[in-house]
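full-length UniProt numbering numbers the first residue of the sequence shown as 1 and each following residue consecutively. Virtual Cβ for every residue (Gly too), placed ideally from N, Cα, C. Quantities reported herein were computed from a predicted structural model and do not represent experimental measurements. Comments concern the structure below.
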Amino acid sequence: MSESQIITNEKLPNIHLPNIHPGEILKEDFLDEMNVSAYHLAKEINVPETRISEIIHGKRSITADTAIRFSKFFGTTAEFWLNLQNLYDLEEETNNHSLEFETIIPINIDDHKLIYG
């Protein structure tokens, strides 16, 4: 007897997962996994330890400068770190201002052309 899956058009429940700060990913997936301390990372990439600590605790964003330093140390890309930060920031803004954003009316291109030629 074969096993088959039935695909339906039912919507999945709207599950809201918590927004994860890039600092949490830095700590859990990189520092903890590689057994590297925040102090050691800071010394190796030539930044104050407070910068790393603030990122880990979600009190500071990853800048382009920090992303480049992380990429050199961990063998990733700067884009990886900046994308984590951008996705986090977008989700935060969406969550914090969703009602305000919903009031924005999209431009009607045809009306715009009539007004501005």
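Between residue i and residue j, is the Cβ-Cβ spacing less than 8 Å?
i: residue 102; j: residue 73; result: no
i: residue 62; j: residue 90; result: no
Starting from residue i, trace the alpha helix (DSSP H) in both directions and tell me its first and last residue.
i: residue 65; result: 64-74
i: residue 89; result: 78-102
i: residue 24; result: 22-25
i: residue 41; result: 38-45
i: residue 56; result: 49-56
So, at 6 Å on beta carbons, what are the nonlocal neighbours of residue i in its own chain, with the 5 sequence-adjacent residues on each side left out?
i: residue 71; result: 77 and 78
i: residue 81; result: 62, 67 and 70
i: residue 86; result: none
i: residue 75; result: none
i: residue 42; result: 49 and 52
Within 10 angstroms of its Cβ, does residue i collect 16 or more other Cβ (buried), or is it exposed?
i: residue 21; result: buried
i: residue 23; result: buried
i: residue 94; result: exposed
i: residue 31; result: buried
Mind reading off the beta-carbon distance from residue i to residue j? Whole number of angstroms is fine, and I expect it under 8 Å.
i: residue 38; j: residue 49; result: 6 Å
i: residue 26; j: residue 55; result: 6 Å
Short of 8 Å in beta carbon distance, which residues of its chain neighbour residue i, apart from the five on each side in sequence? Order them along the chain.
i: residue 92; result: 19
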